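Numbering follows the numbering used here, in which position 4 of the sequence shown is assigned residue number 121; successive positions increment by one, without gaps. Report on the structure given below.
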Amino acid sequence: MFDYKLVEALAMVSREGSFDKAAKALYITQSAVSQRVKLLEESMGQVLIARTTPPRMTVAGRKLLKHYLQVKRLEDDLTEEIGNPATGGFASLAVGINADSLAIWVLEAIHPFLLEEQVLMEIRVEDQEQTHRLLKDGEVIGCISSQEHPMQGCQIEYLGHMTYRMFAAPGFVAQWFPDGFTVENVCKAPALIFDRKDDLHHKYLHQVLGEVPTTLPAHYLPSVEKYCDFITLGHAYGMLPDQQSTPLLHTNQIVDLSPDSHISVKLYWHCWRLKSRLLEKFTQQLTSRAKTLLRCSG
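Here's what the structure looks like:
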C-alpha cells in the first residue's frame, strides 16, 4: 500500500513546478519534500520525477499521480458523505480548459455549480488539442478537448462546437488585402496567432488557399481578450469565434476576409469514470449548459 504522505509530496512538486514551491504549499522544508520523494522512489524501485528545471514527471510518475488524484477525489466524496466536521474545508477539482471556452462560455456554464458546492477549481489552460494530454498524464480529472475518442477509463460527451472565421480591421484590409485574401498578400501581412501550439490559423489557410505559405509573418498573443483587441486596433489579421466577432461585425469594427469560409471546432468533455458525486454533478452542469450556450445541434 502506498504511503500517501509521500505521494502527496510528489503530486505537489508536479503541481507547483519546483521542490521549493511544493515545500511552501505543504508547510514543510524543501529537504523534507526531497526526502519524501526519494523514499517514494526507493519504495517503487524507479525514478518518478526528473530533477530538471522545472521538474519533469516520468511515465511511472504520471501514472502514480493519476492514481493519487483519483483516490483523493473519492476520499473527498467520502468525507463529504459521512460529514466529517474536522475537515471544514473545500473539495478541489482540477480541470483542463481551452482559453476561448474559458473566456467565452465556461464560467457561465459552471456558475450554479460553484454557488452550490464548496469546491475550489484548479483550471489548467491549454489549446483544445492539448488539454487531452493533461488528462492522460493525470494532471486533471476532466478536460474540454477537440479529441473525439475517449481514453481508457474515461467517459466522453459532446458539448457543441465553436465556429471560427478570419477577420481584420477595415483599415488593415485596405492596406494589406486591397485585392482580396490571396497567397501573395498573406505572405506579406502580419498575422495574429494565439500561441505556437495553435494550428487553427494554418488549418484555415490550407482550407481557403490550398496551402500554407512558408513565409508567414506572425505575432503571438496568448490572451483571448487582448487577442481580439489586437485585431480591432488594426495590428494584424486573425481567427475569432462567432461569439466574439458577431457584435464587432455589427459595429463595422472588423471585416470577414473570406465570408464563405469558416472552421468549426467540435468540443468534448472527457473525465475519469469515477463514482464521484462532485465530479458527476460538475459534468452534468457543464454538459447541459454547454449544449445551450454553444447551440449544440446534435
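In this text, a Cβ means the ideal position worked out from N, Cα and C, and glycines have one as well. Note that the structure is a prediction, hence the values are computed from the model and not measured.
Cβ pair residue i, residue j closer than 9 Å
| i | j | result |
| --- | --- | --- |
| G277 | T400 | no |
| T431 | Q370 | With the chain represented from 118 up to 415, any question about residue 431 goes unanswered, as that position is not in the structure. |
| Q402 | F207 | no |
| A128 | A140 | no |
| V256 | L186 | The amino acid occupying residue 256 in the given sequence is Glu; Val does not appear at that position. A contact, by the Cβ cut-off of 9 Å. |
| A353 | F289 | yes |
| R390 | Q272 | yes |
| P376 | R282 | yes |
| K305 | D254 | no |
| L338 | F347 | yes |
| S218 | M268 | no |
Length of the line joining the Cα atoms of residue i and residue j
| i | j | result |
| --- | --- | --- |
| I310 | Q163 | 41 Å |
| P202 | Q324 | At P202, the pLDDT of 45 sits below 50, so the modelled position is not reliable; the number obtained from the coordinates is stated separately. For P202 and Q324, the distance between alpha carbons rounds to 58 Å. |
| L374 | H387 | 34 Å |
| L224 | Q360 | 14 Å |
| R132 | A216 | 19 Å |
| Y275 | A167 | 36 Å |
| N302 | E328 | 13 Å |
| L181 | T299 | 51 Å |
| M356 | F284 | 6 Å |
| K320 | Y144 | 47 Å |
| M161 | S378 | 54 Å |
| R406 | R241 | 20 Å |
| P295 | L366 | 19 Å |
| F119 | L191 | 16 Å |
| F136 | V188 | 23 Å |
Residue closest to residue i, alpha-carbon to alpha-carbon, out of the options
| i | options | result |
| --- | --- | --- |
| H316 | P287, Q245, N302, T280 | Reading off the sequence shown, one finds Asp at residue 316, where the question assumed His. Of the candidates P287, Q245, N302, T280, the one whose C-alpha sits nearest the C-alpha of D316 is Q245. |
| I221 | T169, V341, R132 | V341 |
| Q152 | A167, L123, A335 | L123 |
| W293 | P307, Y281, M283 | P307 |
| T409 | E125, D193, I227 | I227 |
| H343 | D312, E125, D193, T146 | Correcting the residue type first, residue 343 is Lys in the shown sequence and not His. Minimum Cα distance to K343 is reached at D312. |
- Query: At a cut of 8 Å, does the stretch 250 to 267 reach the stretch 368 to 385 through at least three beta carbon pairs?
  - Reply: yes
- Query: Would you say the stretch 230 to 250 touches the stretch 386 to 399, given that touching needs at least three Cβ pairs under 8 Å?
  - Reply: Pairwise C-beta distances place the stretch 230 to 250 in contact with the stretch 386 to 399, as three or more of them are shorter than 8 Å.
- How do the stretch 170 to 184 and the stretch 208 to 224 stand: do at least 3 beta-carbon pairs fall below 8 Å, yes or no? no
- Taking only runs of the alpha helix (DSSP H) that begin and end inside the stretch 145 to 172, which ones reach a length of at least 4 residues, in chain order? Within the stretch 145 to 172, the complete alpha helix (DSSP H) segments at least 4 residues long are 147 to 161, listed from N- to C-terminus.
- Message: In chain order, what are the residue ranges of uninterrupted beta strand (DSSP E) at least 3 long that sit wholly in the stretch 226 to 313?
- Response: 236 to 242, 259 to 262, 271 to 285, 308 to 310
- Task: Enumerate, from N- to C-terminal direction, the unbroken beta strand (DSSP E) stretches of 3 or more residues contained entirely within the stretch 345 to 401.
- Result: 354 to 358, 380 to 389
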